[in-house]
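Engineer:
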Amino acid sequence: MSSPAIYTQTFSSLMGTDTVAEATRRMLDDRVSDLPVIDASGRFLGMFKLDRLYQILLPKAALIGYGVPDLAFVSDTLGDLRDKMREIEHRVVREFIVEPDHVVHTDTPPLELVRLLHEGINNIPVVDRDTGRLVGMASGRDLLLALRVEGD
Amino acid sequence: MHGEPAQAASVIFGLSPLWVATSLFVLTYVVIMSDRLNRAIVALLGAGTLILAGVLSQHEAMAAVDFNTLGLLLGMMLIVNITRRSGLFQFVAIWSAKKVGASPWGILLMMSIVTAVFSAFLDNVTTVLLTVPVTLLITDELKVKPYPYLFAQIFASNIGGTATLIGDPPNIMIGSATGLTFNDFGMHLTPIIIVVMVATMIPLYFLWGRHLSATDENRRHVMGFNESETITDPRLLKQSLTVIALVIAGFMLQRQIKIEPATIAIFGASVLLLVDNFGRDAETQSKNVHAALSEAEWITLMFFLGLFVLVYGIQKAGLIDMMAQGLLTATGGDFNVTALAILWASAVLSAFIDNIPFVATMIPLIKAMGPAFGGENALLPMWWALSLGACLGGNGTLIGASANLVVAGLAERAGTSFRFMEYLKVAFPLMLISIVLSHVYLYYRYL
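Heads up: the protein sequence lines correspond to chains A and B, in order.
Each residue of the first sequence is one higher than the one before, starting from 43 at the first, in my numbering.
Each residue of the second sequence is one higher than the one before, starting from 134 at the first, in my numbering.
1. Strictly by DSSP, which residues pair up with L205(B)?
2. Along the beta strand (DSSP E) that carries I80(A), what are the first and last residues, could you check?
3. Please list, in chain order, the residues of the segment 262-276 of chain B that have any C-beta partner in chain A closer than 9 Å.
4. E360(B) and F224(B) - do their beta-carbons sit closer together than 9 Å?
5. Using alpha carbons as the reference points, say which of L298(B), A226(B), A285(B) lies closest to F254(B).
6. Where are the alpha helix (DSSP H) runs, 4 residues long or more, that stay fully inside the segment 504-548 of chain B, in chain order?
7. Could you name the residues of the segment 370-381 of chain B whose beta carbon sits closer than 9 Å to any beta carbon of chain E, in the order they occur along the chain?
8. Report yes or no: is there a C-beta of chain B within less than 9 Å of the C-beta of V140(A)?
9. Please report the straight-line C-alpha distance between R73(A) and S54(A), rounded to a whole angstrom.
10. Would you check if the distance between the CB atom of V135(A) and the CB atom of T59(A) is smaller than 9 Å?
11. In the DSSP assignment, the beta strand (DSSP E) including M179(A) goes from what residue to what residue?
12. Taking only beta-carbon atoms, is S117(A) less than 9 Å away from chain B?
13. Flag this pair as touching only if the segment 499-510 of chain B and the segment 537-544 of chain B have three or more C-beta atom pairs under 8 Å; answer yes or no.
14. Nearest by alpha-carbon distance to A186(B): which of G147(B), S567(B), R169(B) is it?
15. Would you mind working out which of A398(B), A235(B), V328(B) sits nearest D349(B), comparing C-alpha positions?
16. Take P367(B) as the anchor and find which of T323(B), G220(B), R413(B), G294(B) has the nearest alpha-carbon.
17. Spatial neighbours of L205(B) within its chain, please: C-beta separation below 6 Å, excluding the five flanking residues on both sides.
18. List the residues of chain A whose Cβ lies closer than 7 Å to the Cβ of I227(B), in chain order.
19. Please tell me whether S535(B) and T333(B) are closer than 9 Å, where the distance is taken between their beta carbons.
20. If you check the beta carbons only, do G88(A) and I139(A) fall under 9 Å apart?
21. According to DSSP, K91(A) sits in a beta bridge with which residue or residues?
22. Determine whether the Cβ of A547(B) lies closer than 9 Å to any Cβ atom of chain A.
23. Nearest-angstrom Cα distance between M134(B) and V442(B)?
24. Hey, could you find the ends of the alpha helix (DSSP H) Y329(B) is sitting in?
25. When burial is assigned at 16 or more other CB atoms within 10 Å of the CB, is I125(B) buried or exposed?
26. For T248(B), go through chain A and note every residue whose CB falls closer than 8 Å to its CB, in chain order.
27. From the beta carbon of F254(B), is the nearest beta carbon of chain A less than 9 Å away?
28. Taking buried to mean at least 16 other C-beta atoms within 10 Å of its own C-beta, is E545(B) buried or exposed?
29. Does DSSP classify V145(A) as helix, strand or coil?
30. Given a limit of 9 Å on CB to CB distance, which residues of the segment 137-167 of chain A reach chain B?
31. For a cutoff of 9 Å on Cβ pairs, would you count E137(B) as touching chain A?
32. Just the Cα atoms here: how many angstroms apart are H147(A) and G178(A)?
33. Less than 7 Å between C-beta atoms, sequence neighbours within five positions excluded: which residues of the same chain meet that for I240(B)?
34. If the cut is a Cβ gap below 9 Å, which residues of chain A does F358(B) touch?
35. Using the three-state DSSP reduction, which class does F53(A) fall into: helix, strand or coil?
36. Given a cut-off of 9 Å, decide if L473(B) and Y576(B) are closer than it, judged by their beta-carbon atoms.
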């Protein structure tokens, strides 16, 4: 990327060995719906996404399509969902990470980043091409900040 | 059915039409079995090549297509696609699970019965696509392993489909080729199918059923399902039920009203499309009709189309007559031995190869044996043998029927694996039991 300011180097991340409980607490604190996951050497492993949690809370039958178009007839309560959550919160986030749709690199041209943001992809990991280390996160906010003319 | 035979162009390179048609037919079979190319592509290519090679003229090829079979399949597909939106099928599945107090074995039994009954009136693949997700939801709530339930549903879909004219494509083809009606299938096949269904459930109880258990808490979850919430469109539900009842009444009165099943099914589908769209704006109508039509199984329909042409190709070239003679020689011309040979061969072959091309080939072959056995009317037991063998044989292996693979695929996506050998070890002996029962039934009732 030609301008280093187009992504933030100050970002929250999770270690693959963090628990789901720790991850959800961090998501609440940081008010985000996904967080990057790294290993001890800083290498990018994937994303821990709120959407993955939804999948865990849903019955598998609802995820295979066709036969169960809605779940309005299922009587599970909030308490049942909490029970399901308790069953997984001690497990490590490594088990639940997903490959992000896109990653960008430090040398990705700005226009390509704008295209990805235009497609609705936000919070994009910026990975060093050589080392695989996570060096930043790019979002619409970072782009707006980078677009500001100096002195504004 | 084939009309005035038109003169085909001369066969390419002066080759024998028998050799060209046979080679193409065998090649098509091999490629279909290899699963490397979509079966509709293979069948249409094979049919087109027959015409290009000069074995058949286009007129002959078109006349060879059994539009009664295609129309019946398409009509029923449309009716199911529209009805599905009402939530009817989920309603019945959940209602039946609650009727047995959400007991694990009771649910296995009820879901199997529901699957068998749906399969008797709908395409097997559609049936399992509608019922398996509900089963997975219930087993998830009960915290029991879904494998026994899904296994039983595979069997139920293939067994139930054998019971009626419209339950399984082989029956549709047999009915269309012979003029046997919905009632004929019901009277001759439903009794043995009920016996086979019961006989299948008994070993499943001893193998898995008696070990299934769920806590009261988990059973309460299932009992808490509100099935009335599954009905998403009550107006459509009433319309669909009315049309389905009228279509089935039409099938049952087919002989009296002298209307072919394809007309009944297509007319029923058209009426359902009409009432579903009446009073709606043009854009919504367009969207609804497009959805119903695009969800039809066009691959299956095009596969059938190509297959009819291919089979007529080998029939015209003389291969079917040669095969019929060969079968008669092998069975010593004995009627009983021939009928039972058809049953067993159909069952074992259908466990490993697609039963649709097999039945498409067997129909003219059995017809060709008519003169040897005193005319077409005498062939009735052969048709039942073919139907029972081809439909029930599909249970024998995981690749024996499309519904088996669909269930395995859905299970895989939900985290339950279906392995070929693991399935075969239980399924093949169970399938053989169903064929032994069919053998006894055919022998005592018809032979």
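Here a beta-carbon is modelled for each residue, glycine too, at the ideal position from N, C-alpha and C.
In this text the structure is predicted, and so the values were computed from the model without any measurement.
Structural biologist: So, from the data block:
1. L205(B) is not bridged to any residue.
2. 76-80
3. L262, L263, T264, V265, P266, V267, T268, L269, L270, I271, T272, D273, E274
4. yes
5. L298(B)
6. 513-526, 535-546
7. No chain E is present in this structure, whose protein chains are A and B.
8. no
9. 11 Å
10. yes
11. 176-180
12. yes
13. no
14. G147(B)
15. A235(B)
16. G220(B)
17. I305, P394, A395, A398
18. F115
19. no
20. yes
21. D76(A)
22. yes
23. Because the pLDDT of M134(B) is 43, which lies under 50, any placement of that residue in the model is unreliable, and the number read from its coordinates should be weighed accordingly. Each residue's alpha carbon lies about 12 Å from the other.
24. According to the sequence displayed, residue 329(B) carries Val and not Tyr. From DSSP, the alpha helix (DSSP H) with V329(B) extends over 315-340.
25. Residue 125(B) lies beyond the range of chain B shown here (134 to 580); nothing can be said about it.
26. Those do not exist, as T248(B) stays about 12 Å from chain A at its closest Cβ, beyond 8 Å.
27. no
28. exposed
29. coil
30. none
31. With a pLDDT of 43 at E137(B), under the threshold of 50, the modelled position of that residue is not reliable, and no figure is offered here.
32. 9 Å
33. A230, V233, I271
34. F115, V116, S117
35. coil
36. yes
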